[in-house]
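Trainee: Can you keep this structure in mind? I'll have questions shortly.
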Amino acid sequence: VRVVLKERDQRKRSQQEIADQLTRLAARYNDARSFVVQSQSISTRRGGLPVQYVIQAPDIERLRQVIPKFLEAAQDDPTFANVDINLKFNKPEILIEINRTKARELGVSALDIAQTMQLAYSGQRFGFYVMNGKQYSVIGQVFRENRNKPLDLASLYVRNNRGELIQLDNLITMKERSSPPQLYRFNRYASATVSASLAPGITIGNGIEAMDRIAKKVLDDKFSTALEGASKDFVESSSSLLFTFMLALVLIYLTLAAQFESFRDPFIIMFTVPLAIAGAVLSLWYFGQTLNIFSQIGQIMLIGLVTKNGILIVEFANQKKAQGLNVIDAVKEAARLRLRPILMTSLSTVLGTLPIALALGAGSESRVSMGIAVIGGLIFSTILTLFVIPAIYSYFSEKTKTVSNVAIGEEEKEMLHVEEMAEVSK
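Residue numbers (the working numbering): 8 to 433.
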């Protein structure tokens with residue numbers, strides 16, 4: 008059933024709230040399986056439920072044994088709203104085992120038994136005949152009324168090597184069981200994919216962690232696991248976003264190092280980044296948002312947005328030092344005079360990001376976390392930058408000054424030593 012919602016301004020509830028209500032409503036009906044799947048704001052290569060966990064085993068029988076335990080553990084986990092699996096053992100079949108010892112004593116081979124059952128049930132073609140100019144196939148098969156029940160199979164007769172007819176019931180044992188109508192393979196192994204929808208407020212990352220916990224508890228070392236669908240996209244995008252985050256840090260640091268012609272000043276400026284990330288995480292937690300791809304993009308944006316506060320203070324402090332002020336007075340003066348530009352630029356960025364955080368417009372609910380991460384990180388970093396950056400600047404400047412004094416002292420000693428050696432030689 009595909010449900011198309013009204014425009015955002017024509018309904019009171021968000022898409023997520025409606026999906027949560029439908030999930031609770033569907034859970035009341037135990038006679039049918041139902042799942043609520045939302046359309047993604049960012050399209051992915053794969054569809055289906057958000058969590059898709061692949062269990063791999065050397066053979067299908069191992070999967071048959073472990074799937075009920077795994078499904079029971081997943082259904083009991085509060086992380087998931089609904090759990091399903093693609094490998095269902097719901098196709099009835101009969102497993103026939105030949106008593107080879109008894110068959111050998113009666114002079115019947117396994118090939119004789121197989122050929123007898125094949126002729127009786129498979130409709131094998133014996134030949135052709137021509138009538139009225141048309142060719143017809145001759146197919147041998149037991150009458151339908153004699154092959155509808157499992158007991159009909161045991162009533163067949165097979166001829167032994169002495170020409171005697173032996174009833175199959177004396178040579179075989181039959182077991183009724185179920186098998187999957189379709190087999191699945193993943194990386195050349197027999198596989199089963201467990202799909203799950205998430206409970207309200209749960210992220211895909213939480214769902215993957217829950218599946219990993221269940222796998223460690225239920226599966227042994229003969230099994231292996233993998234991800235498919237949206238879960239695989241999530242892990243791949245998370246790793247690429249982490250690389251992007253680190254790359255942004257390195258590029259900004261190198262750019263600042265070239266601009267300041269120093270490795271110390273960019274290092275001081277980069278201390279604004281952890282302040283912003285801490286503010287973003289705290290804001291997401293306070294407003295009940297999750298750490299998803301949108302909030303991670305917001306954190307990457309913060310790297311470029313918050314470093315300008317540190318640049319304003321450090322650059323102005325360097326100018327004041329060049330004018331003859333000491334380190335403490337220079338950094339105090341820089342923080343005081345740069346306060347208004349820092350507040351103006353931060354406030355303009357916060358106001359520009361506010362519509363995203365307020366979810367104004369259709370389909371904007373999923374991007375709320377990005378707006379909250381940017382606004383929270385900016386506010387938190389702007390306030391703390393005015394105190395933290397001057398303190399760090401003073402600390403590293405004193406360290407640099409001490410090292411420079413020590414180096415100058417060593418040079419003076421070396422010059423005195425050279426002069427003394429020159430006088431002695433005279």
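Quick reminder that beta carbons are idealized off the backbone N, C-alpha and C, glycines included.
Please identify the residue among Asp27, Val115, Gly236, Asn93 whose C-alpha is closest to the C-alpha of Leu56.
Mentor: Gly236
Trainee: Would you decide whether Ser355 is buried or exposed? Buried here means 16 or more other CB atoms lie within 10 Å of its CB.
Mentor: exposed
Trainee: Strictly by DSSP, which residues pair up with Tyr143?
Mentor: In the DSSP output, where bridge partners are listed per residue, Tyr143 has Tyr136.
Trainee: Can you give me the Cβ contacts of Ser244 inside the same chain, cut-off strictly under 7 Å, excluding the 5 residues immediately before and after it?
Mentor: Closer than 7 Å at the Cβ level, and outside the excluded window around Ser244, lie Ile300.
Trainee: Could you tell me whether the Cβ atoms of Glu183 and Ile101 are closer together than 7 Å?
Mentor: Contact: yes.
Trainee: Taking the C-alpha atoms as reference points, what is the distance between Val410 and Gln330?
Mentor: Confidence at Val410 is low in this model, with a pLDDT of 42, below 50, so the placement of that residue should be treated as unreliable; the coordinate-derived value is given next. Each residue's Cα considered, the two are about 22 Å apart.
Trainee: I'd like the span of the beta strand (DSSP E) that includes Asn89, first residue to last.
Mentor: 87 to 92
Trainee: With H, G and I counted as helix, E and B as strand and the rest as coil, what does DSSP make of Thr279?
Mentor: helix
Trainee: If you draw a straight line from the C-alpha of Ala206 to the C-alpha of Leu393, how long is it?
Mentor: 42 Å
Trainee: First and last residue of the beta strand (DSSP E) that includes Ile209?
Mentor: That residue, Ile209, is in no beta strand (DSSP E); it is neither H nor E in DSSP.
Trainee: For Ser186, report the span of its alpha helix (DSSP H) as first-last.
Mentor: Where Ser186 is concerned, there is no enclosing alpha helix (DSSP H), although the beta strand (DSSP E) it sits in stretches over 179 to 186.
Trainee: Phe274: beta carbon under 6 Å from a heavy atom of the ligand GTP?
Mentor: Absence of the ligand GTP from the depicted structure is noted, as is the absence of any ligand whatsoever, leaving it without description.
Trainee: Suppose you measure from the CA of Leu309 to the CA of Thr352; what does that come to, to the nearest Å?
Mentor: Leu309 and Thr352 have their C-alpha atoms roughly 13 Å apart.
Trainee: Excluding the 5 residues preceding and the 5 following Lys156 in the sequence, name in chain order all residues of the same chain whose CB lies nearer than 7 Å to its CB.
Mentor: Cβ contact annotation for Lys156 (same chain, cutoff 7 Å, sequence separation greater than five): none.
Trainee: Which word fits Met138, buried or exposed, when buried means at least 16 other C-beta atoms lie within 10 angstroms of its C-beta?
Mentor: Exposed, because fewer than 16 other Cβ atoms sit within 10 Å of the Cβ of Met138.
Trainee: Quick one: residues in its chain with C-beta nearer than 7 Å to the C-beta of Gln17, no 5 flanking neighbours on either side, listed in chain order?
Mentor: none
Trainee: Secondary structure at Arg18, three-state DSSP: helix, strand or coil?
Mentor: When DSSP states are grouped into helix, strand and coil, Arg18 belongs to the coil group.
Trainee: At what residue ranges does the stretch 246 to 320 contain a whole run of the beta strand (DSSP E), taking only runs of 3 or more?
Mentor: At a cut-off of 3 residues, not a single continuous stretch assigned as beta strand (DSSP E) sits fully inside the stretch 246 to 320.
Trainee: Cα separation between Asn93 and Leu78?
Mentor: Annotation: Asn93 to Leu78 spans about 12 Å, alpha carbon to alpha carbon.
Trainee: Among Lys98, Val321, Leu70, which one has its Cα closest to the Cα of Glu268?
Mentor: Val321
Trainee: Could you tell me how far apart the beta carbons of Asn316 and Ile349 are, in whole angstroms, since I believe they sit closer than 8 Å?
Mentor: Between the beta-carbon of Asn316 and that of Ile349 there is about 5 Å, and that keeps the pair under the 8 Å contact cut.
Trainee: Assuming Ser231 is part of the beta strand (DSSP E), what are its boundary residues?
Mentor: 231 to 234
Trainee: Whose C-beta lies closer than 8 Å to the C-beta of Tyr191 among residues of the same chain, with five residues either side of it excluded?
Mentor: Asn93, Leu94, Ala197, Ser198, Ala199, Thr200
Trainee: By the DSSP assignment, the alpha helix (DSSP H) with Gln82 in it spans what residues?
Mentor: 67 to 83
Trainee: Let's see if you can read the secondary structure: which residues bound the beta strand (DSSP E) around Leu172?
Mentor: 172 to 174
Trainee: Within 10 angstroms of its Cβ, does Asp228 collect 16 or more other Cβ (buried), or is it exposed?
Mentor: So Asp228 counts as exposed.
Trainee: What would DSSP say about Ser411, mapped onto helix, strand or coil?
Mentor: For Ser411, the pLDDT reaches just 41, beneath the cut-off of 50, and the residue's location in the model is therefore unreliable, although a value from the coordinates is still provided. Helix at Ser411.
Trainee: Short check: CB of Thr279 to CB of Val313, under 7 Å?
Mentor: yes
Trainee: Cutting at 8 Å between CB atoms, please list the residues of its own chain near Asn97, excluding the five before and the five after it.
Mentor: Contacts found: Ser185, Pro187, Pro188.
Trainee: Compute the Euclidean distance between the alpha carbons of Gly140 and Phe133, then round it to the nearest angstrom.
Mentor: A straight-line Cα-Cα distance of about 20 Å links Gly140 and Phe133.
Trainee: Using three-state DSSP, classify Phe323 as helix, strand or coil.
Mentor: helix
Trainee: If I follow the unbroken beta strand (DSSP E) through Ala64, where does it start and stop?
Mentor: Unbroken beta strand (DSSP E) run through Ala64: 58 to 64.
Trainee: Any idea if Gly383 is buried or exposed, counting beta-carbon neighbours within 10 angstroms, 16 or more meaning buried?
Mentor: By the Cβ-count criterion, Gly383 is buried, with 16 or more other Cβ atoms from all chains shown falling within 10 Å of its own Cβ.
Trainee: Use the C-beta contact count for Met377: other C-beta atoms within 10 angstroms, 16 or more gives buried, fewer gives exposed.
Mentor: buried
Trainee: From Ala337 to Phe387, what does the alpha carbon distance come to, in whole angstroms?
Mentor: 24 Å
Trainee: Could you tell me which residues DSSP pairs with Glu100 in its beta bridges?
Mentor: Arg184
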